[in-house]
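Undergrad: Can you read through this structure? Questions will come right after.
There are 4 protein chains.
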Amino acid sequence: MKFEVNASLGYKVTAPTTFIFNTSVLRNRHQQVIEESFIVDPAIQYQELQRSNEGNRFIRMQVMVPMDVFISYRAIVNTSWTVIPQQYQTAENVAYLEPSILKYLNPSRYCQSDKLARLANNKFNNIENPYLKVIELTGWINRNVEYLSGSTNSETSAYDTVTQQAGVCRDFAHLGIALCRALTIPARYFTGYAFQLYPADFHACFEAYLGGKWILFDATGLAPLNGLVKIGSSRDAADVPVASIFGNAENSFMTVECKCLETGFSPYFYQTGNLEGISYL
Amino acid sequence: MKFEVNASLGYKVTAPTTFIFNTSVLRNRHQQVIEESFIVDPAIQYQELQRSNEGNRFIRMQVMVPMDVFISYRAIVNTSWTVIPQQYQTAENVAYLEPSILKYLNPSRYCQSDKLARLANNKFNNIENPYLKVIELTGWINRNVEYLSGSTNSETSAYDTVTQQAGVCRDFAHLGIALCRALTIPARYFTGYAFQLYPADFHACFEAYLGGKWILFDATGLAPLNGLVKIGSSRDAADVPVASIFGNAENSFMTVECKCLETGFSPYFYQTGNLEGISYL
Amino acid sequence: MKFEVNASLGYKVTAPTTFIFNTSVLRNRHQQVIEESFIVDPAIQYQELQRSNEGNRFIRMQVMVPMDVFISYRAIVNTSWTVIPQQYQTAENVAYLEPSILKYLNPSRYCQSDKLARLANNKFNNIENPYLKVIELTGWINRNVEYLSGSTNSETSAYDTVTQQAGVCRDFAHLGIALCRALTIPARYFTGYAFQLYPADFHACFEAYLGGKWILFDATGLAPLNGLVKIGSSRDAADVPVASIFGNAENSFMTVECKCLETGFSPYFYQTGNLEGISYL
Amino acid sequence: MKFEVNASLGYKVTAPTTFIFNTSVLRNRHQQVIEESFIVDPAIQYQELQRSNEGNRFIRMQVMVPMDVFISYRAIVNTSWTVIPQQYQTAENVAYLEPSILKYLNPSRYCQSDKLARLANNKFNNIENPYLKVIELTGWINRNVEYLSGSTNSETSAYDTVTQQAGVCRDFAHLGIALCRALTIPARYFTGYAFQLYPADFHACFEAYLGGKWILFDATGLAPLNGLVKIGSSRDAADVPVASIFGNAENSFMTVECKCLETGFSPYFYQTGNLEGISYL
Numbered sequence: 001m002k003f004e005v006n007a008s009l010g011y012k013v014t015a016p017t018t019f020i021f022n023t024s025v026l027r028n029r030h031q032q033v034i035e036e037s038f039i040v041d042p043a044i045q046y047q048e049l050q051r052s053n054e055g056n057r058f059i060r061m062q063v064m065v066p067m068d069v070f071i072s073y074r075a076i077v078n079t080s081w082t083v084i085p086q087q088y089q090t091a092e093n094v095a096y097l098e099p100s101i102l103k104y105l106n107p108s109r110y111c112q113s114d115k116l117a118r119l120a121n122n123k124f125n126n127i128e129n130p131y132l133k134v135i136e137l138t139g140w141i142n143r144n145v146e147y148l149s150g151s152t153n154s155e156t157s158a159y160d161t162v163t164q165q166a167g168v169c170r171d172f173a174h175l176g177i178a179l180c181r182a183l184t185i186p187a188r189y190f191t192g193y194a195f196q197l198y199p200a201d202f203h204a205c206f207e208a209y210l211g212g213k214w215i216l217f218d219a220t221g222l223a224p225l226n227g228l229v230k231i232g233s234s235r236d237a238a239d240v241p242v243a244s245i246f247g248n249a250e251n252s253f254m255t256v257e258c259k260c261l262e263t264g265f266s267p268y269f270y271q272t273g274n275l276e277g278i279s280y281l
Numbered sequence: 001m002k003f004e005v006n007a008s009l010g011y012k013v014t015a016p017t018t019f020i021f022n023t024s025v026l027r028n029r030h031q032q033v034i035e036e037s038f039i040v041d042p043a044i045q046y047q048e049l050q051r052s053n054e055g056n057r058f059i060r061m062q063v064m065v066p067m068d069v070f071i072s073y074r075a076i077v078n079t080s081w082t083v084i085p086q087q088y089q090t091a092e093n094v095a096y097l098e099p100s101i102l103k104y105l106n107p108s109r110y111c112q113s114d115k116l117a118r119l120a121n122n123k124f125n126n127i128e129n130p131y132l133k134v135i136e137l138t139g140w141i142n143r144n145v146e147y148l149s150g151s152t153n154s155e156t157s158a159y160d161t162v163t164q165q166a167g168v169c170r171d172f173a174h175l176g177i178a179l180c181r182a183l184t185i186p187a188r189y190f191t192g193y194a195f196q197l198y199p200a201d202f203h204a205c206f207e208a209y210l211g212g213k214w215i216l217f218d219a220t221g222l223a224p225l226n227g228l229v230k231i232g233s234s235r236d237a238a239d240v241p242v243a244s245i246f247g248n249a250e251n252s253f254m255t256v257e258c259k260c261l262e263t264g265f266s267p268y269f270y271q272t273g274n275l276e277g278i279s280y281l
Numbered sequence: 001m002k003f004e005v006n007a008s009l010g011y012k013v014t015a016p017t018t019f020i021f022n023t024s025v026l027r028n029r030h031q032q033v034i035e036e037s038f039i040v041d042p043a044i045q046y047q048e049l050q051r052s053n054e055g056n057r058f059i060r061m062q063v064m065v066p067m068d069v070f071i072s073y074r075a076i077v078n079t080s081w082t083v084i085p086q087q088y089q090t091a092e093n094v095a096y097l098e099p100s101i102l103k104y105l106n107p108s109r110y111c112q113s114d115k116l117a118r119l120a121n122n123k124f125n126n127i128e129n130p131y132l133k134v135i136e137l138t139g140w141i142n143r144n145v146e147y148l149s150g151s152t153n154s155e156t157s158a159y160d161t162v163t164q165q166a167g168v169c170r171d172f173a174h175l176g177i178a179l180c181r182a183l184t185i186p187a188r189y190f191t192g193y194a195f196q197l198y199p200a201d202f203h204a205c206f207e208a209y210l211g212g213k214w215i216l217f218d219a220t221g222l223a224p225l226n227g228l229v230k231i232g233s234s235r236d237a238a239d240v241p242v243a244s245i246f247g248n249a250e251n252s253f254m255t256v257e258c259k260c261l262e263t264g265f266s267p268y269f270y271q272t273g274n275l276e277g278i279s280y281l
Numbered sequence: 001m002k003f004e005v006n007a008s009l010g011y012k013v014t015a016p017t018t019f020i021f022n023t024s025v026l027r028n029r030h031q032q033v034i035e036e037s038f039i040v041d042p043a044i045q046y047q048e049l050q051r052s053n054e055g056n057r058f059i060r061m062q063v064m065v066p067m068d069v070f071i072s073y074r075a076i077v078n079t080s081w082t083v084i085p086q087q088y089q090t091a092e093n094v095a096y097l098e099p100s101i102l103k104y105l106n107p108s109r110y111c112q113s114d115k116l117a118r119l120a121n122n123k124f125n126n127i128e129n130p131y132l133k134v135i136e137l138t139g140w141i142n143r144n145v146e147y148l149s150g151s152t153n154s155e156t157s158a159y160d161t162v163t164q165q166a167g168v169c170r171d172f173a174h175l176g177i178a179l180c181r182a183l184t185i186p187a188r189y190f191t192g193y194a195f196q197l198y199p200a201d202f203h204a205c206f207e208a209y210l211g212g213k214w215i216l217f218d219a220t221g222l223a224p225l226n227g228l229v230k231i232g233s234s235r236d237a238a239d240v241p242v243a244s245i246f247g248n249a250e251n252s253f254m255t256v257e258c259k260c261l262e263t264g265f266s267p268y269f270y271q272t273g274n275l276e277g278i279s280y281l
């Protein structure tokens, strides 16, 4: 499916500042980037950083003097995804898991799976099938956590959300990840652009590793699973902020867009009874 | 310097369990492993996992039936380290930092640098020299946190330690890391064997990235800096537990030893006024 | 019902220390104290403090020099309690609540009802009947929190327990209180001696204010509700520690006993379908 | 000194709601209320609640149907306070403390003195004189915590503030109280109107019990100590919110004023070297 994505950000820089932006989409066999531009106004040199293990692409830029600076990222991307029938979504045995996946079992800043271990096991460990286990915990989050803009901040973690029961997409994702890891299911944070997400914004959901594939789950249920354009995956939001700011700069505005350039987009959500998951690489 | 290290661990396994052990020492140009053995009793197949980015070596072992199992790791290692004079311990500019180092600026499970940002900056940001900054924060931890066995547990994080002011080596390390990152100094967890540490145990300290080198700091001051044999580095303790246990097993005993096989070991600690740091790779 | 209660405590005092003990049973129309003694060995003067609003009785004692000190409290008490049929367990309207009760709606050290507000309302607010609401939340705690000695400490609060799902009687009580307050039901901590509690210990449960009565609830389900001898009520455990120690003293032992001096004790627990609550004053 | 205080509050009530307001000033020998009015628009019956132990006066009001409601409190008050020379600010011995004061040594919702015990003792216990101890901790808060509107919320506690180092007057007060209690100095929350506080608002500070008097301390240093008109004291902010809302209502505006009706007001602050404290009853 062909999408056009845009992100425009403005900053008031008041001291020498290095920015690391995380707005560029992944390039892989599921996401062909047809066109792409990154514009800085005023024109300032920037650098695309080599990919992390997960392939995330970062842009780094140094602003030496106080000024207002605007960046605008735009890409046209052709995305595809794999449907994984339920019989292939088998449990991963830690004894055979690739070493590169193991770290996604560890607790991280926003996903304290160690502290949620008893709760996760009490609630979900009786479910045999690993895919259904994740579906169930995703549904539990969806039913128990209220999507409430402004109810959380950059310090909010899964440990908070499980009790406070309110948050935004990143909080839903962190809780899903923490619960998966507590159940010995590798899980990671997924950030991207989302078609038909209202109001338009960056979106966050999560991937669980089942049957050798990273299967996508979105506890918010707010965006069609087939309308995502992936920016990156990571342990949690700590590793993929939209903008890391080293220095002194204040965000003055942000607009995000994701348009479908084809007709016939048919929103896809997981349905009760349909045991297929989807996987972006 | 030549050291012999030993770690013996016993487990009562009550259900099928996969262990991932993190007792093997690093092999690199600063640590030549002269002899090494990993013995499991009863004999159970195990697998050495390929190194992580940081070179850490893990051993994975699957115990299929309930039993008592004992593992014993032993190595003879020749270690060396680099002395870094103060003039080379320059501040890292985020604008030029290698991408692989950037993640060591992010908050992690036990090192919530985001939550300590104001405190770190209030206390230490007036110190110009980056090495002195880390020396100063290390000293501050040493003066303010009491080493108290049993005062903390596996859930304790830097955010707790800054107020509770008691902990063990891992807590001292986590707080050091969190403060460094809050000051935009990349920092990582260092775990190893330690000569002249009493009582003998695995040791934890931390490395700060200055002038392109990982300089070693130990806020506990309990072990000579030149008596360490490195097991690994990582974001924090979440990534390098002595043993990760997936299944059901209880630790029945643990002994750790680190002997110097040469004479003439002269304990080295950072001294006030001496502006040299040391770096294990 | 006639009970004999005993509490013996030993302390190693290493510096001048003031103790405030909270072992004496309440004296009121539901608890007649037939015999009572408080023995200190060696003999040291102590003082019974005037009752708090809730009638709690404290004993204060100053130990001026280092020594081993033993205290032994013993009482024979005749207890009674009121059965409150369900039709009298009506919801309290804050608009008419006596002012002295209002504080039991406020969050306290261990019962952060403000932080549990959304969870409590999501889970239990659809239940009309206030008594059933408390019965339901008590059952929810019982099903979801595991009684696990040593899993918590004196810093553990309801906010922790709701996620950690393990604790001892005081943690069960704190969570019950926090949930009630979050639902605008006044609730307070109840501490006492408990017949047929194994292993014998001080017990904690909680009281909810319904229909003008403090109705007793015990989320642990570990002790018959009619076998309690009340020591006191308070906002939470912060106000009724067994011993407050100002100085330097270490507890060397503690034994607690509660014997029934009559035959024919018939253990009483709330039963599904039986809508009667009981109230100690 | 004669002051006029005003507080006007507006609420959008969307469901039957009971309000408990905490805007009325204390009446005692240090505060003579010369004139006082509490106006509700539209006119709704309200009730003044009997005083708590601390003498706080609450107004309770039930709004039965959705509406916009406005309340306006106004009083003219003659205040006085006692100067306590340093020699009378003696340490309290817990062994002789009146029982009614003991509760102010216990941790509370926002003042977790138990968790700050080691820090408080490490930092301040070497100071002999109890008054200087409190002066010192007040200064420490003032130097280390930044007054930053909007940086905290109603869940923020002393445990957070000690690390986050930012907050508003209530956070400064909570930290002061927690540190005092950790040092075995009874301490309580003080809320009132404050002359020459900019921007005008309700103010919070704290009282420490020394030499049998509640001595006033204000870690913010933002308002003259002799320009306060006391609303009440309590364990912490949990017991004296400006408005407790049971039902569904949203605050639409709030204005607070405190004017001096006499000339010659001379702002009084504690000065280094001046060892006098002041006490409102």
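If you read the protein sequences in the order shown, they are chains A, B, C and D. For the first sequence, the positions run 1 to 281 when this note's numbering is used. For the second sequence, the positions run 1 to 281 when this note's numbering is used. For the third sequence, the positions run 1 to 281 when this note's numbering is used. For the fourth sequence, the positions run 1 to 281 when this note's numbering is used. C-beta: ideal position from N, C-alpha, C; glycine also.
For A166 of chain C, would you say it is in contact with chain A, using Cβ-to-Cβ distances shorter than 8 Å as the test?
TA: To locate residue 166 of chain C, count along the third sequence from 1; it is residue 166. Cβ-Cβ to chain A under 8 Å: yes for A166 of chain C.
Undergrad: Considering T138 of chain A, what are the terminal residues of the alpha helix (DSSP H) in which it resides?
TA: By 1-based counting over the first sequence, the position of residue 138 of chain A is 138. Run containing T138 of chain A: P130 to N144, per the alpha helix (DSSP H) assignment.
Undergrad: For the beta strand (DSSP E) that contains N285 of chain B, what are its first and last residues?
TA: Not covered by the structure: residue 285 of chain B. The range shown for chain B is 1 to 281.
Undergrad: In chain order, what residues of the same chain lie with their CB nearer than 8 Å to the CB of I296 of chain C, ignoring the 5 residues before and after it?
TA: For residue 296 of chain C there is no data in the structure shown, the boundaries of chain C being 1 and 281.
Undergrad: Taking C-beta to C-beta, are V240 of chain B and Y189 of chain B nearer than 8 Å?
TA: By 1-based counting over the second sequence, the position of residue 240 of chain B is 240. By 1-based counting over the second sequence, the position of residue 189 of chain B is 189. Their beta carbons are under 8 Å apart, which means V240 of chain B touches Y189 of chain B by this criterion.
Undergrad: Mapping the DSSP letters down to three states, classify L210 of chain D as helix, strand or coil.
TA: Here residue 210 of chain D refers to the residue found at position 210 of the fourth sequence. In the structure shown, L210 of chain D sits in a strand (DSSP, three-state: E or B).
Undergrad: Alpha carbon to alpha carbon, how far is R118 of chain A from I76 of chain A?
TA: Numbered from 1 along the first sequence, position 118 holds the residue referred to as residue 118 of chain A. Numbered from 1 along the first sequence, position 76 holds the residue referred to as residue 76 of chain A. Approximately 44 Å, taken between the alpha carbons.
Undergrad: Using only alpha-carbon positions, find the residue among A:P16, A:F202, A:I59 and A:L179 that is nearest to P130 of chain A.
TA: In the first sequence, the residue the question calls residue 130 of chain A occupies position 130. Looking at the Cα atoms, A:L179 is the closest of the given residues.
Undergrad: For the stretch 147-174 of chain C, which residues have a CB atom closer than 7 Å to at least one CB atom of chain D, in sequence order?
TA: The stretch 147-174 of chain C vs chain D, Cβ under 7 Å: S154 and E155.
Undergrad: Under the three-state reduction of DSSP, which class applies to Y73 of chain B: helix, strand or coil?
TA: Residue numbering aside, residue 73 of chain B sits at position 73 when the second sequence is read from its first letter. Of the three classes helix, strand and coil, the one that applies to Y73 of chain B here is strand, per DSSP.
Undergrad: Our contact map puts L225 of chain A next to Y193 of chain A with C-beta atoms below 8 Å; I'd like the distance itself, whole angstroms only.
TA: As a position in the first sequence, residue 225 of chain A is number 225, starting the count at 1. As a position in the first sequence, residue 193 of chain A is number 193, starting the count at 1. No, L225 of chain A and Y193 of chain A are not in contact; Cβ-Cβ is about 13 Å, not under 8 Å.
Undergrad: Can you tell me whether DSSP reads T161 of chain A as helix, strand or coil?
TA: The residue you call residue 161 of chain A lines up with position 161 of the first sequence. If DSSP states are grouped into helix, strand and coil, T161 of chain A belongs with the helices.
Undergrad: Closer than 8 Å is the cut-off here; do at least three beta carbon pairs connect the stretch 255-266 of chain D with the stretch 133-151 of chain D?
TA: With the cut-off at 8 Å, the stretch 255-266 of chain D and the stretch 133-151 of chain D do not touch.
Undergrad: Apart from the five residues on each side of it in sequence, which residues of its chain come closer than 6 Å, Cβ to Cβ, to F21 of chain A?
TA: Here residue 21 of chain A corresponds to residue number 21 of the first sequence, with the count starting at 1. Same-chain partners within the cutoff: I59 and A243.
Undergrad: Which of the three DSSP states, helix, strand or coil, is assigned to L275 of chain C?
TA: On the third sequence, position 275 is the one that residue 275 of chain C refers to. In this structure, L275 of chain C counts as coil in the three-state DSSP scheme.
Undergrad: According to DSSP, is R29 of chain D helix, strand or coil?
TA: For the purposes of this step, residue 29 of chain D is identified with residue 29 of the fourth sequence, where counting begins at 1. Looking at R29 of chain D - three-state DSSP - the assignment turns out to be coil, as it is neither helix nor strand.
Undergrad: Compute the distance between the beta-carbons of R181 of chain A and A204 of chain A, then report whether it is under 8 Å.
TA: Here residue 181 of chain A refers to the residue found at position 181 when the first sequence is read from its first residue. Here residue 204 of chain A refers to the residue found at position 204 when the first sequence is read from its first residue. Contact flag unset, no.
Undergrad: Taking the alpha-carbon of H30 of chain C as reference, which of C:F253, C:N53 and C:T82 has the nearest alpha-carbon?
TA: Residue mapping note: residue 30 of chain C aligns to position 30 of the third sequence, counting from 1. For the residues C:F253, C:N53 and C:T82, the minimum Cα distance to H30 of chain C belongs to C:T82.
Undergrad: I291 of chain A lies in the beta strand (DSSP E); which residues open and close that run?
TA: Nothing about residue 291 of chain A can be reported from this structure: the residues present for chain A run from 1 to 281 only.
Undergrad: Is the stretch 10-18 of chain D close to the stretch 61-70 of chain D, with three or more CB pairs under 8 Å?
TA: As far as the Cβ criterion goes, the stretch 10-18 of chain D touches the stretch 61-70 of chain D, which means the pair count is three or higher.
Undergrad: Given 8 Å as the limit, is there contact between the stretch 86-106 of chain C and the stretch 139-149 of chain C, that is, 3 or more CB pairs closer than that?
TA: No, the stretch 86-106 of chain C does not touch the stretch 139-149 of chain C.
Undergrad: Counting only Cβ pairs nearer than 9 Å, list the residues of chain B close to R181 of chain D.
TA: As a working mapping, residue 181 of chain D is identified with position 181 in the fourth sequence. The contacting residues do not exist; R181 of chain D stays about 15 Å from chain B at best.
Undergrad: With a 10 Å radius around its C-beta and 16 neighbouring C-beta atoms as the bar for buried, classify Q89 of chain B as buried or exposed.
TA: For the purposes of this step, residue 89 of chain B is taken as the residue at position 89 of the second sequence. Buried.
Undergrad: What are the boundary residues of the alpha helix (DSSP H) that C169 of chain C is part of?
TA: Against the third sequence, residue 169 of chain C aligns to sequence position 169. That run of the alpha helix (DSSP H) goes C169 to A182.
Undergrad: Give me the chain B residues within the contact set of R118 of chain D, using Cβ-Cβ distance strictly less than 8 Å, ordered along the chain.
TA: In the fourth sequence, residue 118 of chain D corresponds to position 118, counting from 1. What R118 of chain D touches in chain B: E146, Q164, Q165 and A166.
Undergrad: Since D114 of chain C contacts F70 of chain C with CB under 8 Å, what's their CB separation in whole angstroms?
TA: The residue you call residue 114 of chain C lines up with position 114 of the third sequence. The residue you call residue 70 of chain C lines up with position 70 of the third sequence. Not a contact, Cβ separation roughly 42 Å.
Undergrad: Which residues in the same chain as E146 of chain D place their Cβ atom closer than 7 Å to its Cβ, once the five residues preceding and following it in sequence are excluded?
TA: To locate residue 146 of chain D, count along the fourth sequence from 1; it is residue 146. Hits under 7 Å: Q165 and A166.
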